[in-house]
Amino acid sequence: MRTERIFGACLGLALLVGSAAAVGLRDDLTAEDAARVAAVTAPPADVSRPERFEAMPGGATTSPLTAGRDAFSRPASNLSFEDQQNFRVGNGIFRKLWVSAPASTRSSDGLGPLYNARACQSCHVNDGRGRAVRNDASDTFLMRLSVPTADGGDGPEPTYGGQLQDVAVPGLPAEGRVRVDWTEETVTLADGMVVRLRRPAYRVEDLGYGPMHPEVRMSPRVAQPMIGLGLLEAIHPSDILANADPDDADGNGV
Amino acid sequence: MTTRHIASLAAVTLACAAPAAAADAEGVAATYADIAHAAYADSLETAEALDAAIDALIASPSEDTLAAARQAWIAARVPYQQTEVYRFGNPLVDDWEGRVNAWPLDEGLIDYVDAGYGVENDANALYTLNVIANPVISVNGETVDAGELTPAFLREVLSEAGDVETNVATGYHAVEFLLWGQDLNGTGPGAGDRPATDFDPANCTGGNCERRAAYLAAASDLLIADLREMVDAWSAGGAARARVMEDGGRTGLASLLAGMGSLSYGELAGERMKLGLMLHDPEEEHDCFSDNTHNSHYFDVIGIRNVYTGRYEGPDGEVVEGPSLQALLAGTAPEVERELSARIEATVGAFEALKQRAETVEAYDQMIGEGNAEGNRVVQSAIDALVAQVPAIERAVAALDLGAIAFEGSDSLDNPEGVFQ
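From first to last, the protein sequence lines stand for chains A and B.
Residues in the first sequence are numbered from 1 upward in steps of one, following the numbering used here.
Residues in the second sequence are numbered from 1001 upward in steps of one, following the numbering used here.
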């Protein structure tokens, strides 16, 4: 559900481009500024050369640094010094490896007893996306669990909860291990081209706390990239509301 | 060689800045570049001395040669930390910095670690890789030949292996770990305590002494090559120098102030100090193997003062100075100059107290320990002083009308690099 909401917000931004009417609803902009926004976000009239602002797609937030493998780890370029500190402290927390009690420090311990990873950064690799599950390597991936409820909805698996935790502190069994079997399939595309794709089949082995509910459902999740969350937060609510279309009047399916 | 070169650059600056003490943007930017060049050149020179001490340790491992190498490492940190103020505001430096000063690092990637370090198979599959003990390793499911621990192998294969940021294979902190070993004393007294025999194939402790020596030598060679690159970037005709001289030196002025503010508030007061104090965690210590953190922090702060006062003193007493931001502000916004100067001096004072406590009472990792009220207070005062100088830095940015340069870049009409505000 959450994913869909975020997608909706992205779409809101996309639809805003070129929409002077939407800008008119912004209560935080003067008429003059609203007109500037409308002009700047209008579609290009001439695509033969770069537009103004084109090299800085994130506006003043754009990083001047080389886009290497740390590209997702950088703060917006125009943060105030105070916000830079918030960013840096948050970054430190994000990559902090937590430990199980007892440890030399009370503030860094408290890991477990069951968990998926010791640090946020462990799954959100370099603040980017995780990887799909593999049997021969550690994972940046988790398995959601649910069972159908009497009212037709879904709820957590009675023993294992809403998420399988595949690591435990020393002395305790983990909840289990996710395994994947790949089956290669041949698929013919519309233009006749034949490609081979792999279909995953997931199972959980070494269950540590007894069998699962017979109707358990599993939903594999790869860790999401962290970039752009600040940009989403910066979208003005009225820009989102301006695109509200609860009855799908424009028939675009959203 | 290096010293003479610096002197001549400084002379050129002074000649350009005539008459006498008049500080303008161009003169200030030139001093800023000259100090960068001098501090990186001193970093290179002290890294070469470290390299020689490491060669001596490997040729003849003893507690004496190990102690000399550790001393050389501590000496090498003095000029290098004074360059950290250049990292923010200069993209070229920021892009490069991770190779030489990345931190924190998962030391189990490199060498043996204590059992308390854990062997949990978390997302960093290389957490306890121990490349020194394993001539064949597995990275992302692929078998990799680690038979030769060359500079190229460290740089291209091992650094951030598996795309994990804490897989730091090169730079000052990798060398530090090899010279000291893990600090297993928590927030108690004592630094890492690796024996010299870890590098002695004839009386080898810790296993794989030849490979450990080869790793250390390769990391040291890389450090020198990387520092040389930065010395060149700040030499006459170098890219970093050319950039700060753009727009009549105003680009350099903006970088100077951005560097002071970002290092003060976010990096040093925030990620390196506030976080460790919040968690009371000895692992949140910048130079955690050597217990040299107080010096690292102190010389960061001296670096901030250097670029402000336009004066840098090298380890050999050589001075580089020229038209300064301080003088420029004194001419254009004297009340801002008075406030910023006072704040910077207060910060230096707070870090002197921290350094003195580290040298006479207890190490930095003890100061941030839980329940150590006095130690915590000394660290908190240093953080507060750093934070308090930032509004004054912002006032200087405003007084010199640099906001547009710092945050927007050039604003010519058809400029695709322009930014809509």
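From the three backbone atoms N, C-alpha and C, an ideal C-beta is built for every residue, glycine too.
- Contacts with chain B at 8 Å (Cβ-Cβ) do not include residue 240(A).
- Contact annotation, residue 1056(B) with residue 1240(B): C-beta distance approximately 33 Å; criterion of less than 8 Å not satisfied.
- For residue 110(A), the closest of 117(A), 98(A), 131(A) by C-alpha to C-alpha distance is 98(A).
- Scanning chain A for C-beta atoms nearer than 7 Å to the C-beta of residue 1269(B) yields 85, reported in chain order.
- Using a 10 angstroms sphere on the CB of residue 1366(B), the tally of other CB atoms reaches 16 or more, which defines it as buried.
- The C-beta of residue 1148(B) has fewer than 16 other C-beta atoms within 10 Å across all chains shown, which makes the residue exposed.
- Non-local beta-carbon contacts of residue 163(A) in its own chain, meaning distances under 8 Å to residues more than five positions away in sequence, involve 116, 142, 143, 144, 145 in chain order.
- With a beta-carbon spacing of about 5 Å, residue 222(A) and residue 130(A) fall inside the 8 Å limit used to define contacts.
- For residue 169(A) and residue 176(A), the gap between their C-alpha atoms comes out near 13 Å.
- Contacts with chain A at 8 Å (Cβ-Cβ) do not include residue 1114(B).
- Secondary structure of residue 182(A) (DSSP, three-state): strand.
- In this structure, the beta-carbon distance from residue 1028(B) to residue 1328(B) falls below 8 Å.
- When rounded, the separation of the alpha-carbon atoms in residue 100(A) and residue 1283(B) is 15 Å.
- A Cβ-Cβ distance of about 7 Å is found for the pair residue 1212(B) and residue 1178(B), placing them in contact under the 8 Å criterion.
- A straight line joining the alpha-carbon of residue 88(A) with that of residue 1364(B) spans about 20 Å.
- Annotated three-state conformation of residue 1032(B) is helix, per DSSP.
- Counting only Cβ-Cβ distances below 7 Å, residue 92(A) has contacts in chain B at 1271, 1275, in chain order.
- Apart from the 5 residues on each side of it in sequence, residue 1234(B) sits with its Cβ closer than 7 Å to the Cβ of 1033, 1036, 1037, 1040, 1240, 1241 in its chain, given in chain order.
- The shortest CA-to-CA distance from residue 1306(B) to any of 1259(B), 1286(B), 1145(B), 1187(B) is the one to 1259(B).
- By the criterion of a C-beta distance shorter than 7 Å, residue 1314(B) is surrounded in its chain by 1038, 1042, 1079, once the five residues flanking it on both sides are discounted.
- The continuous alpha helix (DSSP H) containing residue 1386(B) extends over residues 1373-1399.
- Per DSSP, residue 1312(B) lies in no alpha helix (DSSP H) segment; the continuous beta strand (DSSP E) that holds it begins and ends at 1311-1313.
- Only residues of its own chain outside the window of five on either side were considered, and among them 1386, 1387, 1390 have a CB closer than 7 Å to the CB of residue 1265(B), listed in chain order.
- For residue 221(A), no CB of chain B lies under 8 Å from its own CB, so it is not counted at the interface with that chain.
- For residue 32(A), the enclosing alpha helix (DSSP H) stretches over residues 31-41.
- Approximately 7 Å separates the beta-carbon atoms of residue 201(A) and residue 180(A); this is inside 8 Å, confirming the contact.
- For residue 82(A), at least one C-beta of chain B is nearer than 8 Å to its own C-beta.
- Look at the beta carbons and you see the region 1058-1077 of chain B not touching the region 1241-1251 of chain B: under three pairs across the two are nearer than 8 Å.
- Looking at the DSSP output, residue 1142(B) sits in a beta bridge with 1139(B).
- Using a Cβ-Cβ cut-off of 8 Å, residue 64(A) counts as an interface residue toward chain B, since at least one Cβ of chain B sits closer than that to its own.
- In terms of Cβ geometry, residue 1355(B) and residue 1294(B) form a close pair [threshold 8 Å].
- In terms of beta-carbon proximity, residue 1339(B) stays away from the interface with chain A, with every pair separated by 8 Å or more.
- Distances from the alpha-carbon of residue 1358(B) to those of 1096(B), 1206(B), 1228(B), 1375(B) put 1375(B) closest.
- Of the other Cβ atoms in all chains shown, fewer than 16 fall within 10 Å of the Cβ of residue 1317(B); this residue is therefore exposed.
- Closest in C-alpha terms to residue 1187(B), from the list 1372(B), 1396(B), 1392(B), 1382(B), comes 1372(B).
- Distance from the CA atom of residue 125(A) to the CA atom of residue 140(A), rounded to whole angstroms, is 8 Å.
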